[in-house]
Amino acid sequence: MKNKILLSIIGLLLVSLGLTMSITNGKSAQIKQVRKEVSQVNKQQKQVTTQIDNLQTTYNASDAIAKSKLLAFAKDYYTFSSQSDYDKRFSKIADIVDLKRNQQYQLFDSGLDATGGSRIDNLGLTSQYQTATGYTSDLDNQTIEALATVIVQTSGTGQKAINQTVLLYGWFDIKTQKLVSIKINTTN
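As structure tokens, then:
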């Protein structure tokens, strides 16, 4: 009788051990599957994070370029002391802008008066870029809006030099890396 009880207990232990092993193996397979899926999610998350970092780096770099090109435009546009300097302004900034012809003509007039004489030389007009502060804002995936507050010192023959504050608005194309439109508003 003892042997039967002992055998029954051992049998029950073996059956429960078999069930436990079966359940453990099933759960182990599920755990492996979950680990595999978590690993795939982590890889995808790293890829997405890397893509976001790359986009941020691209946009931050483009923002900095847009701002620096608008400030370079301001420096060359507002610095002249003669008709000759005045005439050379566009050639100095030609490689950083891609302006439509009508806007180019609006921004870069000849500096001549109605008789064909030089207003710049006749009036002794000078302009000197002093300083500027630039800001940017992303408009879309292609364009960045840049804004600059520029201080320019201007004078003429017999006139005291005065500082003038000018607002420049520029639209920078990320693909061409050029300013595609510029508007100027004088505040003082």
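One gets the working numbering by counting positions in the sequence shown from 1 and adding 1084 to each. Backbone N, C-alpha and C define an ideal beta-carbon position, used for all residues, glycine too. All figures in this text were calculated on a predicted structure; none of them were measured in a lab.
Contact check, residue i vs residue j, beta carbons under 8 Å
i, j, result
"S1265", "L1183", "yes"
"T1241", "L1191", "no"
"N1247", "I1235", "yes"
"S1211", "Y1162", "yes"
"I1204", "S1175", "no"
Supposed contact pair residue j and residue i - C-beta distance, whole angstroms, cut 8 Å
i, j, result
"F1164", "G1254", "Contact doesn't hold; Cβ gap of about 20 Å is too wide."
"T1238", "T1217", "No, T1238 and T1217 are not in contact; Cβ-Cβ is about 19 Å, not under 8 Å."
"K1159", "Y1213", "5 Å"
6 Å Cβ shell around residue i - same chain, five flanking residues per side excluded
i, result
"F1256", "A1150, I1228, A1230, L1263"
"I1258", "S1146, Q1226"
"Y1219", "L1231"
DSSP beta-bridge partners of residue i
i, result
"S1202", "L1196"
"S1265", "W1255"
"F1164", "S1211"
"Y1170", "Answer by DSSP bridge pairing: none, since Y1170 is not bridged."
Cβ-based neighbour list, residue i, same chain, cut-off 7 Å, excluding 5 preceding and 5 following
i, result
"K1267", "Y1253"
Contact set for residue i: own chain, Cβ-Cβ below 8 Å, skip 5 residues either direction
i, result
"G1195", "Q1167, Y1170, D1171, S1202, R1203, I1204"
"V1118", "none"
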